[in-house]
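With this note's numbering applied, the sequence shown closes on residue 378, and no number is skipped along the way.
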Amino acid sequence: MSKAKSTEYLPFTRPSIDEETIAGVAEVLRSGWITSGPKVAEFEERLSEYFQGRPVRLLSSATGAMEIALALADVGTGDEVITTPLSWVATANVIVRAGARPVFVDVDARTRNIDLSRIEAAVTPVTRALLPVDLAGLPVDRDRLYELANRRGLRVIEDAAQSVGARWGGKPIGAQGDLVSISFHANKNMTTAEGGCLVLNDEDEARRCVLWRLQGVERFADGDLDVTLPGGKHNLTDIAARIGLGQLDRLEEFTERRCTLARRYFRLFDRSLGCELPLEDFEHSNWHMFQIVLPATVLRGRFIRAMHELGIGIGVHYPAIHLLSLYRDMGFKPGDFPNAERIGAGIVTLPLFPAMRDTDVERVCEAVSKVVRKEIWAPRGMSA
-5 MSKAKSTEYL
5 PFTRPSIDEE
15 TIAGVAEVLR
25 SGWITSGPKV
35 AEFEERLSEY
45 FQGRPVRLLS
55 SATGAMEIAL
65 ALADVGTGDE
75 VITTPLSWVA
85 TANVIVRAGA
95 RPVFVDVDAR
105 TRNIDLSRIE
115 AAVTPVTRAL
125 LPVDLAGLPV
135 DRDRLYELAN
145 RRGLRVIEDA
155 AQSVGARWGG
165 KPIGAQGDLV
175 SISFHANKNM
185 TTAEGGCLVL
195 NDEDEARRCV
205 LWRLQGVERF
215 ADGDLDVTLP
225 GGKHNLTDIA
235 ARIGLGQLDR
245 LEEFTERRCT
255 LARRYFRLFD
265 RSLGCELPLE
275 DFEHSNWHMF
285 QIVLPATVLR
295 GRFIRAMHEL
305 GIGIGVHYPA
315 IHLLSLYRDM
325 GFKPGDFPNA
335 ERIGAGIVTL
345 PLFPAMRDTD
355 VERVCEAVSK
365 VVRKEIWAPR
375 GMSA
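Shown next, in the form of structure tokens:
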């Protein structure tokens, strides 16, 4: 490896956008129709084909998709929604904004997803829905999830923000199930820069999703309009949709490359370091992220700085939600969900994106080994 290649900065993720897509965006800009229009309609149709005929509506974010999904599921004041404490805070925030209360259930230590065996004990008479998360693109066991939901009469809102390209039962995540929210944020496996979509059950839900998407406005042929619900502003632009069309064409390629890189991580990673590796699942996961949990004696802040000094970017996805101030104020406290707390305190995301070279994985593994072996600092909880 040349010196220039070995010292260049390696981010933890970077989107791959080809020249054809860039030219297509320029065409949209020249067309004069840059907000929601024909490209949004085309992208929705293509996504519906990918999700095996289910209705799909594009939105400006997966957060907006979850907000609308909660509204479609009639979740509101006084209701409870069961979810995971190990996710991006949006997962819980949307429940709070709906007027409901998030009920956290600890995660499974191996999958890092919500522990399905603990959900039953958390169900109460006011539980309205389950909101599981596919952390790092590893799907929650959909068979067990829906058996429980159907038995207890609960709606399921899948936070599949990270799971586009992942599969369950041989089908893409989103091709089956209830309401499925998917993200196309800049760091996702396919992107629209910002954006997301909601996969729905039928055309009636899709119609109501459109109302929630744009102020609840329904327009009529004579130029009149009506508003029947307090919708928001969640529509996607044609500019973003054109990026998404180019990305969808390459999704299978992107997923295959991520799997190749993940396999290389497993092959090269020094298992004697004491780091916890992710579940080695190549049947279901799309390998959105490759995350390790540092040993308890390694201070994460110093690890991140040391890796940055070696030219390697590190992400943190995510600290435990219930320990954030908003949720502590609701009564959650340290010790409530030990697995999520331990994982959230030590988890780091290593670089993984399709444009990475095989040698980049070697470089990351060597750097992790060097930093961890040199610096076994102090028990977690001390200042970094």
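In this text, a Cβ means the ideal position worked out from N, Cα and C, and glycines have one as well.
Query	Result
Cutoff 8 Å; reference V34; Cβ partners in own chain excluding five residues on either side	L52, N229, L230, T231, D232, A235
Within 9 Å, strictly: CB atoms of F297 and I315	no
Among P348, D354, D264, P119, the one whose alpha carbon lies nearest that of S10	P348
S157 beta carbon less than 9 Å from that of H282	yes
Cβ-Cβ distance between T77 and P126 below 9 Å	yes
Assigned exposure category for Q285 - 16 Cβ within 10 Å defines buried	buried
The region 209 to 227 contacting the region 334 to 350, beta-carbon criterion three pairs below 8 Å	no
Run of the alpha helix (DSSP H) containing L139, from where it starts to where it stops	136 to 146
C-beta contact flag for A123 and V75 at 9 Å	yes
Between the CA atoms of R351 and L242 - distance to the nearest angstrom	22 Å
Inside the region 167 to 250 only - beta strand (DSSP E) runs reaching at least 3 residues	173 to 177, 190 to 193, 211 to 213, 219 to 221
Contact check, T57 vs V88, beta carbons under 9 Å	yes
Spatially closest choice to D153 from W82, T222, D218, by CA coordinates	W82
Test item: CB-CB of V310 and V355 under 9 Å	no
Exposure of F214, with buried meaning 16 or more beta-carbon neighbours within 10 Å	exposed
A256 versus V120, F276, L239, residue with shortest Cα-Cα distance	F276
Bounding residues of the beta strand (DSSP E) (the contiguous stretch that carries R112)	Element bounds for R112: n/a, residue is neither H nor E.
Contained beta strand (DSSP E) runs [length at least 3] in the region 59 to 135, N- to C-terminal order	74 to 77, 95 to 98, 121 to 125
Extent of the continuous alpha helix (DSSP H) run through E152	E152 -> not in any alpha helix (DSSP H); beta strand (DSSP E) instead, spanning 149 to 153.
Where G164 falls: helix, strand or coil (DSSP)	coil
Identity of the residues DSSP links to L343 by a beta bridge	The sequence shown places Thr at residue 343, rather than the Leu named in the question. Note: T343 sits in a beta bridge opposite Q285, G309.
Alpha carbon of A(-2) to alpha carbon of I28, nearest angstrom	In this prediction, A(-2) scores a pLDDT of 38, lower than 50, which makes its location untrustworthy; no coordinate-derived value is stated.
The alpha helix (DSSP H) enclosing R294, as first and last residue numbers	294 to 303
Contact under 9 Å by Cβ, T132 with M184	Checking the sequence, you will find Leu at residue 132 rather than Thr. It is not a contact, given that the beta carbons lie outside the stated cut-off.
V34 - containing alpha helix (DSSP H), residue span	32 to 44
Residues bridged to L4 (per DSSP)	I306
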